[in-house]
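Asks: This is the structure I want to talk about, given as structure tokens.
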Amino acid sequence: MSDQPTASDCATPWTTWVRSIVNGAVGDYLQAQQNGLEIDMALYVRNRPLPLTRAALLAAHPHPTSRLCVFLHGLGCNEGSWAYRDPSNPGRLTSYGAELASDLGFIPFFARYNTGLALARNGQSLADVLNALLAAYPVPVRDLILIGHSMGGLVIRHACHIGAQRHDPWVGLVRQAFYLGSPHNGAPLALLSDVATRVLHSVPNPITRLIGDIFDLRSQGIKDLRSPPFIEDPGHHAAPRQTVPWLTSAQHYLVVATLTEDPKHLVAILLGDGLVLVPSIPETSPDGTAPYPMTRDHIACFSRMDHLQLTRDPAVYAQIRAWCAGYERKV
Amino acid sequence: MEADTLRQLRGGVELAATAVEAATGAIAEAHQAIARQVYATFDYLGPLAAPARMVEQIQMTITIQVYRSIQVTSRLVAHGAVALLQSRERVDAQCSAPLPPSPRWGEEPNSLP
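Chains as they are written, first to last, in our numbering: chain H, 14 to 344; chain L, 1030 to 1142.
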């Protein structure tokens, strides 16, 4: 393996994409059936799960540093969504992870997981994986940054909450968390499909009921995107559901996009980046319990960009890099 | 072929068979419901109601059998494919199992010194 992490570490073939899409659509069913197509949460290198042992980590990254970054993809995707053509050298693939490694010395790890499972379940799996990673990592870890795209950002929130409750050692090392197009208030498309299902079921017609049944086949992971991420508390059904709190010891950054040039354009307001809307951020700096525990300088809005482009755009990377460097200057 | 790939192929075949089964079942239900609506109008036509019910019964029986045969065929094909993949898995597992150590000269009870 090469010394320097490269984008080929996270590139994936089309068969992996098919499997990821199927997991996103019906991943909870696959898991329940132990079908064989279900994906277990793991860190992947070159389309293979990375065993979390000292030897395997050293083989993957022969020169480990004390700074790690972990990437989480979105619904129906895999780590291949982070790879893109280097604009300065179009023949070469790169990724935010490879760039962060060469610019700031972060060792990148790319997670792959079953996006059809409930967010809380994936959050728990991520917390377990991070525990195992830290235990096996060959040098002491000083900094950990988490970067999640879309659903991945919500999984990060769940993992941080679960890790903080369990007093996992990695939680205190998380210095920054980046959410790229994450639907912290719920995704309108997921909500729309839910409403459509109910309407179709309520119409007394066999065809509309059939279409409603097809709509209703979506996985728990997709259903969880309807609303803000809630704490899973099976014991108290009567109590009002609480949103997952933000990790107070870390800095949080939001990257959003709009399809149009003008973020105040009607299309941008109604569609956002095509899948997730631009949230309205309160003017004052709120505490950890507020909807967004971040000030405006921790939020970047990119125009003329769609939801999937957020994982593979040099401008987005430049913003992440600037935030990382800015944090280091402050510290 | 790798064991993991075979396992995924098996999962894909099973998922496809389940999808065909579920889709056929849902379409059959919708088909029957629509047909029932058409035949229901004959109930108001007095003398035509009884023969219409008979035709409806025949049509429903044929319809159900057609959909069921699709389900059974798809399940049989899936079973066949899964059995083939499982036998391939067993062969691959035997091939990749380490060979027993060959007896060395002088270790067998009746070998020459």
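Ideal Cβ placement from N, Cα and C applies to all residues, glycine included. Everything numeric in this text was worked out from a predicted model, so none of it was measured.
Please list, in chain order, the chain H residues whose beta carbon lies closer than 9 Å to that of Gly1041 of chain L.
Replies: In the second sequence, the residue the question calls residue 1041 of chain L occupies position 12. Result: Val31, Arg32, Val35, Asn48, Gly49, Leu50.
Asks: Below 8 Å on the Cβ atoms is my contact criterion, and I expect Leu85 of chain H with Ile220 of chain H to pass it. Report the Cβ-Cβ distance as a whole number of Å.
Replies: As a first step, residue 85 of chain H must be located in the first sequence, where it is residue number 72. As a first step, residue 220 of chain H must be located in the first sequence, where it is residue number 207. Not a contact, Cβ separation roughly 39 Å.
Asks: Name, please, each residue of chain H whose Cβ falls closer than 8 Å to the Cβ of Gln1037 of chain L.
Replies: Locating residue 1037 of chain L in the second sequence gives position 8, counting from the first residue. Ordered by position in chain H, the residues that pass the 8 Å Cβ test against Gln1037 of chain L are Arg32, Gly49, Leu50.
Asks: Suppose contacts are defined by Cβ-Cβ distances below 9 Å. Is Leu290 of chain H in contact with Ile282 of chain H by that definition?
Replies: On the first sequence, residue 290 of chain H is found 277 positions in, with the first residue counted as 1. On the first sequence, residue 282 of chain H is found 269 positions in, with the first residue counted as 1. Yes, these two residues count as a Cβ contact at 9 Å.
Asks: Relative to chain L, which residues along the segment 217-240 of chain H have a C-beta separation below 9 Å, given in chain order?
Replies: The residues in question are Asn218, Pro219, Ile220, Arg222, Leu223, Asp226, Ile227, Leu230.
Asks: Compute the Euclidean distance between the alpha carbons of Gly1041 of chain L and Leu279 of chain H, then round it to the nearest angstrom.
Replies: Position 12 of the second sequence holds residue 1041 of chain L. Position 266 of the first sequence holds residue 279 of chain H. Whole-angstrom Cα-Cα distance: 43 Å.
Asks: Please state the DSSP three-state secondary structure of Cys173 of chain H.
Replies: What you label residue 173 of chain H is simply residue 160 of the first sequence in a count that begins at 1. Note: Cys173 of chain H maps to helix in three-state DSSP.
Asks: Would you verify that the beta carbon of Glu1085 of chain L is, or is not, closer than 9 Å to some beta carbon of chain H?
Replies: Counting from 1 along the second sequence, the entry for residue 1085 of chain L is found at position 56. With 9 Å as the cut-off, Glu1085 of chain L does not count as an interface residue toward chain H.
Asks: Looking at Tyr266 of chain H: is its Cβ nearer than 9 Å to the Cβ of Ala190 of chain H?
Replies: If you number the first sequence from 1, residue 266 of chain H lands on position 253. If you number the first sequence from 1, residue 190 of chain H lands on position 177. Contact: yes.
Asks: Are the C-beta of Val39 of chain H and some C-beta of chain L separated by less than 9 Å?
Replies: For the purposes of this step, residue 39 of chain H is taken as residue 26 along the first sequence, with counting starting at 1. True, the Cβ-Cβ gap to chain L drops below 9 Å.
Asks: Checking 9 Å against the spacing of the C-beta atoms, do Thr25 of chain H and Glu92 of chain H come in under that value?
Replies: Within the first sequence, numbered from 1, the residue matching residue 25 of chain H stands at position 12. Within the first sequence, numbered from 1, the residue matching residue 92 of chain H stands at position 79. Yes.
Asks: Please state if the CB of Val268 of chain H and the CB of Leu193 of chain H are separated by a distance shorter than 9 Å.
Replies: In the first sequence, residue 193 of chain H corresponds to position 180, counting from 1. In the first sequence, residue 268 of chain H corresponds to position 255, counting from 1. Going by C-beta atoms, Leu193 of chain H is nearer than 9 Å to Val268 of chain H.
Asks: Nearest by alpha-carbon distance to Cys90 of chain H: which of H:Arg80, H:Arg59, H:Gly129 is it?
Replies: Locating residue 90 of chain H in the first sequence gives position 77, where the first residue counts as 1. Residue H:Gly129 is the option with its Cα nearest to Cys90 of chain H.
Asks: Measure the C-alpha to C-alpha separation of Gln1037 of chain L and Gly234 of chain H and round it to an integer number of angstroms.
Replies: Walking along the second sequence from the start, residue 1037 of chain L turns up at place 8. Walking along the first sequence from the start, residue 234 of chain H turns up at place 221. Straight-line Cα distance between these residues: approximately 21 Å.
Asks: Within 10 angstroms of the Cβ of Arg326 of chain H, are there 16 or more other Cβ atoms? Answer buried if so, exposed if not.
Replies: Numbered from its first residue, the first sequence carries residue 326 of chain H at position 313. It is Asp, not Arg, that sits at residue 326 of chain H in the sequence shown. Asp326 of chain H comes out buried.
Asks: With Thr256 of chain H as the anchor, note down where its alpha helix (DSSP H) starts and where it stops.
Replies: Your numbering for residue 256 of chain H matches position 243 in the first sequence. Taken as a continuous stretch (DSSP letters only), Thr256 of chain H belongs to no alpha helix (DSSP H), as it is neither H nor E.
Asks: Report yes or no: is there a C-beta of chain H within less than 9 Å of the C-beta of Glu1058 of chain L?
Replies: Taking the first residue of the second sequence as 1, we reach residue 1058 of chain L at position 29. Yes, its Cβ sits closer than 9 Å to a Cβ of chain H.
Asks: List the endpoints of the continuous beta strand (DSSP E) containing Thr261 of chain H.
Replies: Locating residue 261 of chain H in the first sequence gives position 248, where the first residue counts as 1. Neither: Thr261 of chain H is in no beta strand (DSSP E) and is coded neither H nor E.
Asks: Return the first residue and the last residue of the beta strand (DSSP E) that Arg188 of chain H is part of.
Replies: For the purposes of this step, residue 188 of chain H is identified with residue 175 of the first sequence, where counting begins at 1. Here the beta strand (DSSP E) through Arg188 of chain H covers 187-193.
Asks: Please classify Asn102 of chain H as buried or exposed, where buried requires at least 16 neighbouring CB atoms within 10 angstroms.
Replies: Taking the first sequence and counting its residues from 1, the one referred to as residue 102 of chain H is at position 89. The residue in question, Asn102 of chain H, is exposed, as its Cβ has fewer than 16 Cβ neighbours within 10 Å.
Asks: Check whether the Cβ atoms of Arg32 of chain H and Asp156 of chain H sit closer than 9 Å, and answer yes or no.
Replies: On the first sequence, residue 32 of chain H is found 19 positions in, with the first residue counted as 1. On the first sequence, residue 156 of chain H is found 143 positions in, with the first residue counted as 1. Cβ distance not < 9 Å, so Arg32 of chain H and Asp156 of chain H don't count as in contact.
Asks: In chain H, which residues lie with their C-beta within 8 Å of the C-beta of Leu1044 of chain L?
Replies: Here residue 1044 of chain L refers to the residue found at position 15 when the second sequence is read from its first residue. Within chain H, the residues near Leu1044 of chain L are Val35, Val39, Leu43, Asn48, Leu50.
Asks: In the DSSP assignment, find the unbroken beta strand (DSSP E) run with Pro103 of chain H in it and report its ends.
Replies: The count along the first sequence starts at 1 and reaches residue 103 of chain H at position 90. Per DSSP, Pro103 of chain H belongs to the beta strand (DSSP E) from 102-108.
Asks: Inspect the CB distances between the segment 322-339 of chain H and the segment 1100-1110 of chain L and report whether three or more fall short of 8 Å.
Replies: Taking 8 Å as the limit for Cβ pairs, the verdict is that the segment 1100-1110 of chain L does not touch the segment 322-339 of chain H.
Asks: So, does the CB of Ala1079 of chain L fall closer than 9 Å to a CB anywhere in chain H?
Replies: Looking up residue 1079 of chain L in the second sequence gives position 50. Not closer than 9 Å to any Cβ of chain H, the Cβ of Ala1079 of chain L fails to qualify, so no.
Asks: Just how far apart, CA to CA, sit Ala177 of chain H and Pro217 of chain H?
Replies: Within the first sequence, the letter at position 164 stands for residue 177 of chain H. Within the first sequence, the letter at position 204 stands for residue 217 of chain H. Taking the straight line from one Cα to the other gives about 49 Å.
Asks: At 3 residues or longer, what runs of the beta strand (DSSP E) sit wholly inside the segment 79-104 of chain H?
Replies: Complete beta strand (DSSP E) runs here, min 3: 80-85, 96-99.
Asks: In chain B, which residues lie with their C-beta within 7 Å of the C-beta of Ala1062 of chain L?
Replies: The displayed structure is made up of protein chains H and L, and chain B is not among them.
Asks: Mind checking which residues open and close the beta strand (DSSP E) that includes His162 of chain H?
Replies: As a working mapping, residue 162 of chain H is identified with position 149 in the first sequence. Counting along the chain, the beta strand (DSSP E) containing His162 of chain H begins and ends at 156-162.
Asks: Would you mind sorting Ile158 of chain H into buried or exposed? The rule is 16 or more other CB atoms within 10 Å of its CB.
Replies: Reading the first sequence from its first residue, position 145 is the one you call residue 158 of chain H. Label assigned to Ile158 of chain H: buried.
Asks: Is the Cβ of Ala1107 of chain L closer than 9 Å to any Cβ of chain H?
Replies: Position 78 of the second sequence, counted from the start, is the residue given in the question as residue 1107 of chain L. So no, Ala1107 of chain L is outside the interface.
Asks: Helix, strand or coil: how does DSSP classify Ala145 of chain H here?
Replies: Here residue 145 of chain H corresponds to residue number 132 of the first sequence, with the count starting at 1. Residue state, collapsed to three classes: helix.
Asks: Compare the C-beta of Ala1055 of chain L against all C-beta atoms of chain H and say whether one is closer than 9 Å.
Replies: On the second sequence, position 26 is the one that residue 1055 of chain L refers to. Yes, Ala1055 of chain L lies at the interface with chain H (some Cβ there is under 9 Å from its Cβ).
Asks: State the CB to CB distance for the pair Val257 of chain H and His171 of chain H, rounded to an integer number of angstroms; the pair is presumed to be in contact (CB under 8 Å).
Replies: Start at 1 with the first residue of the first sequence, and residue 257 of chain H comes out as number 244. Start at 1 with the first residue of the first sequence, and residue 171 of chain H comes out as number 158. Confirmed, about 6 Å.
Asks: Using only the alpha-carbon positions, how far apart do Ala45 of chain H and Gly166 of chain H sit?
Replies: Start at 1 with the first residue of the first sequence, and residue 45 of chain H comes out as number 32. Start at 1 with the first residue of the first sequence, and residue 166 of chain H comes out as number 153. The straight-line gap from Cα to Cα measures roughly 25 Å.
Asks: Measuring alpha carbon to alpha carbon, tell me which of H:Trp183, H:Val154, H:Asn60, H:Asn198 ends up nearest Arg292 of chain H.
Replies: Walking along the first sequence from the start, residue 292 of chain H turns up at place 279. In the sequence as displayed, the identity of residue 292 of chain H is Pro instead of Arg. Considering only alpha carbons, the answer is H:Asn198.
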